[in-house]
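S.K.: Quick one: the structure is below, and I'll ask about it shortly.
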Amino acid sequence: MARLKIDFGIDLGTTNSAIAVIENGKTRVFKNDLLGETMSSCVWDRGKAYFVGVKAYAQLPADKRRAFKDRDFESNIFIEFKRTMGNSTKNNKGLSSEELSAEVLKTLKSYVKEEDVKSAVITIPAAFEMNQINATKKAAELAGIEYVELIQEPYAAAIAYGVSSSNKNGYWLVFDFGGGTFDSALVKVSDGIIKVIDTEGDNFLGGKNLDEAIVNEVFIPYFKEKYSINSILENEDRFNAFKEMWKPLAEDAKNQLSFNENYNVLADLFDEYGEDDNGKEFEMDITITRTQLKEIIKPFIQKAIDYCKILLKRNNLDGQKLDELILVGGPTLSPIVREMIAEQIKTPNTSIDPMTVVAQGAAIYASSINNPVESDNDNIDNSVVQLKVDYESMVVGTETYVTLKLKENQKEKTVFVEIARKDDAFKSERVELNEIGEVIELRLVEGNNNGFEIIAYDENGNKLDCEPKSFDIREGSVPGGAPIPHAICIEVMDKITGKKIIKPLIGLEKNKTLPSFGIYNDLKTQKLIRPGMDDTIEIPIYQGEPNTKAVINNHVSTIKISGNDLPALLPEGSIINLKINIDRSNIMTGVASFIDIDFEHSFDVGSIESGVKPEWLEEQIQLVKESYREVSETLDENKRNEIKDDLERVEKIFESNKTESGRLEARSELQKVAKTIDKLEDDAEWPKLEEELKEEFYRLEKVNKDLGNDRSTQVVNQLRNQLEEVLKTQDIKLGKVLAEEIHSAFFQLAFIYQLINFIRHHNQNFGSYNWKDSHRARQLLNEGLQQIGENPTTEDLHPIVIALIDLLPITERPSGDGNLLEG
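Residue numbering for the sequence shown is 3 to 825, as defined by my numbering.
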């Protein structure tokens, strides 16, 4: 029979993966073929078959050595493809990252001998973008997993720790330093309810960066001293292959120095590493100390710690206010990492296994979700009583409820049930079941897993076999909803600044709990949309930082609504209200409501496969550098040098790593620099805005003195009060709004002055015009003159002037009046 809950959790990692399940309320991590609890996320394509995990990873060093010696050799072993999930690029065998990930998932499933895994919870980094999230779902589908939910890796770790901890209140920080990604998550626990309230991370910071640093800082200087390698250094492709060849030894050294004060890196004498420029065979025999390693990896660990500090500061916390600091990922086994964290934040909790805690947390979370995948009908034993059981598997409190009812094909049976706790200390009353269902109250043991048996009887009190016959409920902790990792925004033309920026949907801001929905009302169309035509409205959807340029954020998808989707003509300036829903697995749907034509258009939000072209990235780097040059004059020397160094680092990543992964990393780092410059541009904008506000208000006061009335003077006085407040607070956003209001007030005064002059001029020169209907023209002018004597508004005079212009021959209409009225 199918499981009642999903139960299976999978940690699909950059370097290592694992699968776990909940059995009888306890977590079990499945072992691989060599009895290890994790498996290398490594795939070897042998043409007719795939080798995944240990066997593939064992072959990798040999392939790297061959790739250096034979320039035409292309390895069929693939690693670190998680970094390019959701990317359109494929490897030399035509395989996408999703397809490779699917092979990893298939192998993990094969470790479960007792059953076929058809539903699971799979973990993702907190910083994953929407295209990466959807790619993970696609990988699961390719692996034969019919139903999948996703959970962020640090959240899974917090759940795993939370169910075993007696600490049911406070703030926890999860420090998740994996093989290819870094996540930090701030968790708030209230009476056992575990909720992630904020995250910070980097999709291109992890253990692989440490391996590269060991090669660059230790191995390359060693070879420069011992060997002649100028031709290798001068050839970028050969140099990259040379460094790749030594990475396995670097990784081994890093791991060994987690447990030893020093380690002798000695290349195997039976392995051939090629020759230097003089024909001398490469060998490695060097000792690295933990002190040396600390200096090498310190910048990367510090970067991760700095992310944590940013996260804590954003939430008005520091290390002293944290109740727990939880470590996740292989690199956190290093004493160097643990010492640095303890010195700068808080002494970490080391009671849980950082290698399997994410898989365990995913399984625990999976045990709280009803399993929607039914067993095949052929596997259902209709000779026993088939029950539907609905309950919460994780609760806080010693009382809860379970709903039992007969399945559809069991309606004719008379069945009574009672539920007994497996410690024999509680048994429910016996009740008769039907297809509607019965709710039964249960008593729980505090802080424990509670196993229950379902006992079925016929009308004579004889016991009946039933499925399911048992279930478990854990008391003490409850996972809250997962947070949105990035604000969901749409790109719009800002009505105040006239610039294209992204703005958030209210309700889908960063860290809102899923599931959720967001709205953006009063959007206005910029052109006419004809029904049945290809006229199109585009709504670009982004994840990222609100009120910034789209280019520095992550494009999710663009919703296109054409005239073919609409039942009637949509005029320019029509109002659209937008609503987007996101379920707890980050699936997005939405509806656009067209107010003017009373029509709703529903849509699904897919995600585009991203690909970073070298020429596009190079262009973006130049644009950001240009923005830096424009703002640099307003910066002090330290800030100028800091941004300059950041830009040089981006260019170095771009130039030294020509792979898709390298370009993605360069883009990620460029986005961070661009956001910094964007903020500096806003800061530098205030002096210009201040001058503009003062000049515009002076112009308004002058025109009001000449043309104003009591009503306009009241408006000017209100704007003066607002101006004083904005000048005091230096609020750029409010300042831009105020500038628009001042400009609008000036236009209204100047506009009404022009309308008054138009009426007076045509009254004084009435006989000089060839009116189409002179009687009607005289009526309108008299009406206009009467209004002028009564402190008129623009709304009073505007229609009169329009009607007068319509009565004039085209040749006699004043030049420029048509443009005036359109304004």
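The C-beta atom is built at its ideal place from N, Cα and C for all residues, glycine as well.
These numbers come from a predicted model, not from an experiment.
Please go through the same chain and pick out, in chain order, the residues whose beta-carbon is closer than 6 Å to the beta-carbon of T591, but skip the five residues on each side of it.
M.R.: Translated into positions along the sequence shown, residue 591 becomes position 589. Excluding positions up to five away in sequence, the list reads N583, D606.
S.K.: How long is the line joining the alpha carbons of G534 and E698, rounded to whole angstroms?
M.R.: Looking up residue 534 in the sequence shown gives position 532. Looking up residue 698 in the sequence shown gives position 696. Those two C-alpha atoms are separated by around 46 Å.
S.K.: Nearest-angstrom Cα distance between D496 and T661?
M.R.: Counting from one through the sequence shown, the residue named residue 496 turns up at place 494. Counting from one through the sequence shown, the residue named residue 661 turns up at place 659. Straight-line Cα distance between these residues: approximately 37 Å.
S.K.: Indicate the three-state DSSP secondary structure (helix, strand or coil) for S817 in the structure shown.
M.R.: Translated into the one-based positions of the sequence shown, residue 817 becomes position 815. In this prediction, S817 scores a pLDDT of 49, lower than 50, which makes its location untrustworthy; no coordinate-derived value is stated.
S.K.: What first and last residue would you give for the alpha helix (DSSP H) that runs through M357?
M.R.: Walking along the sequence shown from the start, residue 357 turns up at place 355. Where M357 is concerned, there is no enclosing alpha helix (DSSP H), because DSSP gives it neither an H nor an E.
S.K.: Taking the alpha-carbon of F221 as reference, which of F244, R665, L207 has the nearest alpha-carbon?
M.R.: Numbered from 1 along the sequence shown, position 219 holds the residue referred to as residue 221. Cα-wise, what sits closest to F221 is F244.
S.K.: Just reading off the alpha helix (DSSP H) that W248 is part of, what are its end residues?
M.R.: The residue you call residue 248 lines up with position 246 of the sequence shown. 238-258 is the span of the alpha helix (DSSP H), which, as asked, contains W248.
S.K.: Leaving aside the five residues before and after T125 along the sequence, list all residues of the same chain whose C-beta is less than 6 Å from its C-beta, in chain order.
M.R.: Along the sequence shown, one-based indexing puts residue 125 at 123. So the list reads D13, I153, E155, A158, V360, A364, once near-sequence residues are dropped.
S.K.: Taking C-beta to C-beta, are I196 and I161 nearer than 8 Å?
M.R.: The residue given as residue 196 occupies position 194 in the sequence shown. The residue given as residue 161 occupies position 159 in the sequence shown. Yes, the Cβ-Cβ distance between I196 and I161 is below 8 Å.
S.K.: Heavy atom of the ligand PLP less than 7 Å from the Cβ of I290, yes or no?
M.R.: Because no ligand of any kind appears in the structure shown, any question about the ligand PLP cannot be addressed here.
S.K.: Are R586 and E151 touching if we call contact CB-CB under 8 Å?
M.R.: The residue labelled residue 586 in the question sits at position 584 within the sequence shown. The residue labelled residue 151 in the question sits at position 149 within the sequence shown. It is a contact, given that the beta carbons lie within the stated cut-off.
S.K.: Could you tell me which whole alpha helix (DSSP H) segments of length 4 or greater appear in the stretch 617-663?
M.R.: 639-658
S.K.: Thinking C-beta only, is L62 closer than 8 Å to P250?
M.R.: Taking the first residue of the sequence shown as 1, we reach residue 250 at position 248. Taking the first residue of the sequence shown as 1, we reach residue 62 at position 60. Taking 8 Å as the Cβ cut-off, P250 and L62 qualify as a contacting pair.
S.K.: Buried or exposed for T16, please, with buried defined as at least 16 other CB atoms from any protein chain shown within 10 angstroms of its CB.
M.R.: Taking the sequence shown and counting its residues from 1, one reaches residue 16 at position 14. Classification for T16: buried.
S.K.: Which two residues bound the contiguous beta strand (DSSP E) that contains E2?
M.R.: Within the shown structure, residues of the chain are numbered from 3 to 825, placing residue 2 beyond reach of any answer.
S.K.: Under the three-state reduction of DSSP, which class applies to E25: helix, strand or coil?
M.R.: As a working mapping, residue 25 is identified with position 23 in the sequence shown. Strand, per DSSP.
S.K.: In the DSSP assignment, the alpha helix (DSSP H) including Q766 goes from what residue to what residue?
M.R.: If you number the sequence shown from 1, residue 766 lands on position 764. 734-766 is the extent of the alpha helix (DSSP H) around Q766.
S.K.: Quick one: is Y265 buried, meaning 16 or more other Cβ sit within 10 Å of its Cβ, or exposed?
M.R.: As a first step, residue 265 must be located in the sequence shown, where it is residue number 263. Buried is the call here.
S.K.: Span of the alpha helix (DSSP H) holding I852?
M.R.: Nothing can be reported for residue 852, as the shown portion of the chain is limited to 3 through 825.
S.K.: Less than 8 Å separating the beta-carbons of L751 and N723?
M.R.: By 1-based counting over the sequence shown, the position of residue 751 is 749. By 1-based counting over the sequence shown, the position of residue 723 is 721. No.
S.K.: In chain order, what residues of the same chain lie with their CB nearer than 7 Å to the CB of E743, ignoring the 5 residues before and after it?
M.R.: The count along the sequence shown starts at 1 and reaches residue 743 at position 741. The residues are L721.
S.K.: What runs of the beta strand (DSSP E), each 3 residues or longer, lie entirely inside the stretch 438-466?
M.R.: Complete beta strand (DSSP E) runs here, min 3: 440-445, 451-459.
S.K.: Tell me which same chain residues have a C-beta within less than 6 Å of the C-beta of S430, skipping the five on either side of it?
M.R.: Taking the sequence shown and counting its residues from 1, one reaches residue 430 at position 428. Excluding positions up to five away in sequence, the list reads E420, I421, I442.
S.K.: With 16 as the cutoff for other CB atoms within 10 Å, does F261 come out buried or exposed?
M.R.: On the sequence shown, position 259 is the one that residue 261 refers to. Result: exposed.
S.K.: Buried or exposed for Y700, please, with buried defined as at least 16 other CB atoms from any protein chain shown within 10 angstroms of its CB.
M.R.: Taking the sequence shown and counting its residues from 1, the one referred to as residue 700 is at position 698. Y700 comes out exposed.
S.K.: For G820 and P801, I'd like the C-alpha separation in whole angstroms.
M.R.: Sequence index remark: in the sequence shown, residue 820 carries index 818 (1-based). Sequence index remark: in the sequence shown, residue 801 carries index 799 (1-based). Confidence is the limiting factor: at G820 the pLDDT is only 25, short of 50, which leaves the residue's position unreliable, though a coordinate-based value still follows. Spanning the two alpha carbons is a distance of roughly 13 Å.
S.K.: Expressed to the nearest angstrom, what Euclidean distance is found between the alpha-carbon atoms of G276 and R73?
M.R.: Sequence index remark: in the sequence shown, residue 276 carries index 274 (1-based). Sequence index remark: in the sequence shown, residue 73 carries index 71 (1-based). Between G276 and R73, the C-alpha separation is close to 12 Å.
S.K.: Check each candidate in V191, E477, V558 and name the one with the smallest Cα separation from G27.
M.R.: By 1-based counting over the sequence shown, the position of residue 27 is 25. Answer by Cα proximity: E477.
S.K.: Between D600 and G565, how many whole angstroms is the CB-CB distance? I'm expecting something under 8 Å.
M.R.: As a position in the sequence shown, residue 600 is number 598, starting the count at 1. As a position in the sequence shown, residue 565 is number 563, starting the count at 1. Going by Cβ atoms, the distance from D600 to G565 rounds to 17 Å, so no, they are not a contact pair.
S.K.: For the pair the stretch 509-518 and the stretch 456-471, tell me if three or more CB-CB distances fall below 8 Å.
M.R.: no
S.K.: How is E148 classed by DSSP in three states: helix, strand or coil?
M.R.: Along the sequence shown, one-based indexing puts residue 148 at 146. Three-state DSSP puts E148 in coil, outside helix and strand.
S.K.: Pick helix, strand or coil for T125, following the three-state DSSP scheme.
M.R.: For the purposes of this step, residue 125 is identified with residue 123 of the sequence shown, where counting begins at 1. Here DSSP, grouped into helix, strand and coil, assigns T125 to strand.
S.K.: Given a threshold of 16 other Cβ atoms within 10 Å of its Cβ, counted over all protein chains shown, does A51 qualify as buried or as exposed?
M.R.: Taking the sequence shown and counting its residues from 1, one reaches residue 51 at position 49. The residue in question, A51, is exposed, as its Cβ has fewer than 16 Cβ neighbours within 10 Å.
S.K.: Below 7 Å CB to CB, which residues in the same chain sit around S817 once its five sequence neighbours on both sides are set aside?
M.R.: Within the sequence shown, residue 817 is the residue found at index 815, counting from 1. At S817 the pLDDT is 49, less than 50, meaning the model places this residue with poor confidence; the figure from the coordinates comes in the next sentence. Answer for S817: no residue qualifies.
S.K.: Would you say A128 and P506 are within 8 Å of each other, going by their C-beta atoms?
M.R.: By one-based count along the sequence shown, residue 128 stands at place 126. By one-based count along the sequence shown, residue 506 stands at place 504. Against a cut-off of 8 Å, the Cβ pair of P506 and A128 comes out as no contact.
S.K.: Hey, how far is the Cα of K115 from the Cα of R432?
M.R.: As a first step, residue 115 must be located in the sequence shown, where it is residue number 113. As a first step, residue 432 must be located in the sequence shown, where it is residue number 430. Their backbone Cα atoms lie some 37 Å apart in a straight line.
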